[in-house]
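Undergrad: The opening position of the sequence shown corresponds to residue 352 in the numbering used here, with each subsequent residue numbered one higher. I have a structure I would like to understand better, so I am pasting it below and will then ask my questions one at a time.
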Amino acid sequence: MPSMTKKLSNPSPADIKEEILGKYPPKVARKRAKQILINEALENETPEITANVRTIPGIITMRGCTYAGCKGVIMGPTRDIVNITHGPIGCGFYSWLTRRNQTDASAPDSENYMTYCFSTDMQDKDIIFGGEKKLALAIQEAYDLFHPKGIAIFATCPVGLIGDDIHAVAAKMKEKLGDCNVFAFSCEGYKGVSQSAGHHIANNQVFKHLVGLNDEKKPGEYKISLLGEYNIGGDGFEIDRILKKCGISNIATFSGNSSYDQFASAHTADLNAVMCHRSINYVADMLETKYGVPWIKVNFIGAGAAAKSLRKIAKYFGDQKLIDRVEEVIAEEMPAVQMVADEVRPRTEGKTAMLFVGGSRAHHYQELFKELGMKTISAGYEFAHRDDYEGREVLPNLKVDADSRNIEEIEVDPDETRYNPRKSEAELQALSEAGLRFKGYDGMIPEMDSGTMVIDDLNQYEAEKLVEMLKPDIFCAGIKEKFSIQKLGIPMKQLHSYDSGGPYAGFRGAINFYREIDRLVNSKVWGYLKAPWQENPELSATYVWE
Ligand code: CFM
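Below is the structure:
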């Protein structure tokens with residue numbers, strides 16, 4: 352196909368932006384211009400980007416829907432809650448085992464419903480006459496079969512359109528069943544502009560219906576909860592291995608390899624460590640307001656970042672025994688990481704990467720690329736908000752539009768009996784002065800070099816243009832992008848599902864990542880993408896009668 356790209360030998364970011372926008376009608380171009388940012392060092396401030404706004408109809412976005420964010424992302428990784436999709440069978444089917452969140456159900460008494468697909472399988476007549484009765488029957492059937500501790504109901508688009516009252520059905524069934532916690536999520540696919548709205552809807556309900564149900568004291572000296580870690584490709588297993596080695600107890604992971612009881616006990620931890628800021632930061636705030644548990648931002652993607660995060664946790668508890676143990680663990684783990692980094696680095700140094708992932712990985716994975724000596728030349732989130740780009744300082748200035756107003760914000764007050772500030776104001780102050788930052792996140796933009804391109808809600812057309820013009824050595828995104836990028840002759844790494852690989856978190860994860868990226872960016876196969884006759888049409892033939 353003839354390419355419309357102007358032949359620029361060394362296009363500047365401004366040329367690229369102009370070229371991309373040039374294809375759009377003026378109104379679309381004006382809107383996209385605010386979501387395509389050329390990073391520059393401004394005096395004391397971070398450049399502003401537009402984010403968390405509707406995708407323009409007709410554009411092939413990389414985003415998913417609100418139901419996906421709720422049912423798939425937040426509730427998907429919990430093994431012992433039965434998740435029933437109330438809707439046509441397609442929604443249940445396509446969200447069945449498609450995210451690579453892993454679980455460990457090896458204990459003899461651990462239930463695992465993740466391998467099942469539960470759906471009310473709505474038909475035309477249910478759309479016309481209402482689906483509430485069918486939903487109640489489905490809940491009863493799941494209960495009779497499995498007797499789970501909890502049943503969660505997820506609304507799909509048609510359920511919202513016909514007005515089934517899923518919360519009333521859930522409340523009625525909870526009362527009827529007696530020993531099963533039934534709750535529902537109004538997470539219709541169209542409810543928000545992306546899956547981010549689904550995270551919020553899910554987390555609010557988890558906070559209302561699950562967190563705080565179990566006050567029993569869990570064993571452990573240093574108790575944390577890990578917020579926003581979903582155990583994709585076993586990342587959570589590796590983080591748990593490291594924490595355990597350090598003597599840190601993980602009370603609850605939201606929600607990788609989690610269970611009903613972990614959510615119920617989360618409020619008993621003494622610190623919340625936030626991995627994915629986008630999907631869960633408000634839960635950290637709510638846990639602090641209601642129960643007095645402070646939070647810090649961590650990142651276990653990248654060996655250096657993992658070591659830094661462990662040191663932060665140790666600093667918070669302030670116990671010399673833990674501080675020393677963390678140093679010992681880092682000293683034990685790092686040589687193997689360093690050995691592979693040293694081996695690979697001569698082959699990866701100076702190569703370039705582009706990262707377009709949901710809401711935190713496009714930032715976190717820049718750490719791993721830095722450890723390989725690679726430069727991230729363009730990155731963006733599918734659905735993150737301005738605070739994930741520019742830092743939490745912008746939170747008070749965020750515009751509340753009709754779409755964000757649609758998503759419930761729950762009011763939380765200190766719990767009358769269980770609010771217990773884990774550190775006094777003076778202790779928190781002293782820790783902050785010693786360099787430990789609470790509730791802090793600076794976002795992705797300040798950490799990227801000037802002249803790099805930060806693009807929100809990238810679409811297929813823009814992805815192809817970027818790759819054509821900047822020719823990165825690797826492009827990271829998801830399955831929807833994979834093959835169109837590979838057809839352009841650029842290796843593509845899935846950073847949602849990790850293509851069947853992983854873990855990439857922690858120390859062992861870093862080693863896995865270094866080796867895979869080395870293989871990808873140095874493979875010769877990309878040079879053979881064009882058939883010989885496309886490059887050099889030298890064969891000729893004549894018809895016999897000529
Ligand atoms: Fe958080 Fe995630 Fe992400 Fe996310 Fe996701 Fe994911 Fe992601 Mo896919 S919770 S924002 S909604 S880190 S499923 S584990 S990889 S888009 S960058």
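C-beta: ideal position from N, C-alpha, C; glycine also.
I believe ASP808 touches THR412 by the beta-carbon criterion, under 8 Å. Please report the beta-carbon distance rounded to the nearest angstrom.
TA: Correct: roughly 6 Å between the Cβ atoms.
Undergrad: Mind reading off the beta-carbon distance from VAL625 to LEU578? Whole number of angstroms is fine, and I expect it under 8 Å.
TA: 5 Å
Undergrad: What does the alpha-carbon distance come out to for the pair LYS659 and ARG859?
TA: 16 Å
Undergrad: Since LEU496 is in the alpha helix (DSSP H), which residue starts that stretch and which ends it?
TA: 483-497
Undergrad: From which residue to which residue does the alpha helix (DSSP H) around HIS715 run?
TA: HIS715: member of the alpha helix (DSSP H) spanning 712-722, first to last residue.
Undergrad: The beta strand (DSSP E) spanning HIS437 covers which residue range?
TA: 432-437
Undergrad: When you measure from the CB of VAL544 to every non-hydrogen atom of ligand 1, does any distance come out below 7 Å?
TA: no
Undergrad: Quick one: what's LEU388 bridged to in DSSP?
TA: VAL805
Undergrad: From the DSSP output, which residues share a beta bridge with GLY574?
TA: One point to set straight first is that residue 574 is Lys, not Gly, in the sequence displayed. Partner(s): SER600.
Undergrad: Please state whether the Cβ-Cβ distance between ILE664 and ILE599 is less than 8 Å.
TA: yes
Undergrad: Are the beta-carbon atoms of ALA617 and LEU638 separated by less than 8 Å?
TA: yes
Undergrad: With a threshold of 7 Å (Cβ to nearest heavy atom), would CYS627 be considered close to ligand 1?
TA: yes
Undergrad: Does DSSP put LEU746 in a helix, in a strand, or in coil?
TA: helix
Undergrad: Please confirm whether any heavy atom of ligand 1 lies closer than 7 Å to the CB of ILE583.
TA: Indeed, a heavy atom of ligand 1 lies less than 7 Å from the Cβ.
Undergrad: Which residues in the same chain have their Cβ closer than 8 Å to the Cβ of GLU722, if we skip the five residues on either side of it in sequence?
TA: Hits under 8 Å: GLY653, ALA654, GLY655, ALA692, ALA861, TYR865.
Undergrad: In the DSSP assignment, find the alpha helix (DSSP H) that holds LYS659 and state where it starts and stops.
TA: 654-668
Undergrad: For the alpha helix (DSSP H) holding GLN845, just list the boundary residues, first then last.
TA: No alpha helix (DSSP H) holds GLN845; the beta strand (DSSP E) holding it covers 843-845.
Undergrad: Is it the case that the CB of GLU733 approaches a heavy atom of ligand 1 more closely than 7 Å?
TA: Result yes, Cβ under 7 Å from ligand 1.
Undergrad: Are the beta-carbon atoms of ILE597 and ARG676 separated by less than 8 Å?
TA: It is worth fixing the name first, because residue 597 is Cys in this sequence and not Ile. It is a contact, given that the beta carbons lie within the stated cut-off.
Undergrad: Which residue comes first and which comes last in the alpha helix (DSSP H) that contains VAL510?
TA: 508-513
Undergrad: ILE758 by DSSP, collapsed to three states: which one?
TA: Annotated three-state conformation of ILE758 is coil, per DSSP.
Undergrad: Apart from the five residues just before and just after ASP455, which ones in its own chain have a Cβ nearer than 6 Å to its Cβ?
TA: ASN608
Undergrad: Quick one: which unbroken beta strand (DSSP E) runs of 3-plus residues sit fully inside the stretch 406-431? Chain order, please.
TA: none
Undergrad: Can you determine whether any heavy atom of ligand 1 sits closer than 7 Å to the C-beta of HIS847, and answer yes or no?
TA: yes
Undergrad: Taking MET705 as part of the beta strand (DSSP E), name the residues at either end of that continuous run.
TA: 703-708
Undergrad: Rounded to whole angstroms, what is the Cα-Cα separation between SER457 and ARG430?
TA: 12 Å
Undergrad: Helix, strand or coil: how does DSSP classify THR640 here?
TA: helix
Undergrad: Using 7 Å as the cut-off, classify the Cβ of GLY653 as near or not near the heavy atoms of ligand 1, replying yes or no.
TA: no
Undergrad: Check whether the Cβ atoms of ALA828 and VAL745 sit closer than 8 Å, and answer yes or no.
TA: In this structure, VAL745 does not lie closer than 8 Å to ALA828 by Cβ.
Undergrad: When burial is assigned at 16 or more other CB atoms within 10 Å of the CB, is GLU813 buried or exposed?
TA: Counting C-beta atoms within 10 angstroms of its own C-beta, GLU813 has 16 or more neighbours from the protein chains shown and is therefore classed as buried.
Undergrad: Can you tell me whether SER446 sits near ligand 1, meaning its C-beta is under 7 Å from at least one heavy atom of the ligand?
TA: no
Undergrad: Closer than 7 Å: is that where the CB of GLY709 sits relative to any heavy atom of ligand 1?
TA: Yes, the beta carbon of GLY709 sits closer than 7 Å to at least one heavy atom of ligand 1.
Undergrad: Among LYS368, ASN390, ALA392, GLU391, which residue has its Cα nearest to the Cα of ARG381?
TA: Ranked by Cα distance from ARG381, the first of LYS368, ASN390, ALA392, GLU391 is LYS368.
Undergrad: Kindly examine ligand 1 and report whether one of its heavy atoms sits closer than 7 Å to the Cβ of SER630.
TA: yes
Undergrad: Taking buried to mean at least 16 other C-beta atoms within 10 Å of its own C-beta, is PHE588 buried or exposed?
TA: buried
Undergrad: Which value, in whole angstroms, describes the spacing of the CA atoms of HIS551 and PHE614?
TA: 16 Å
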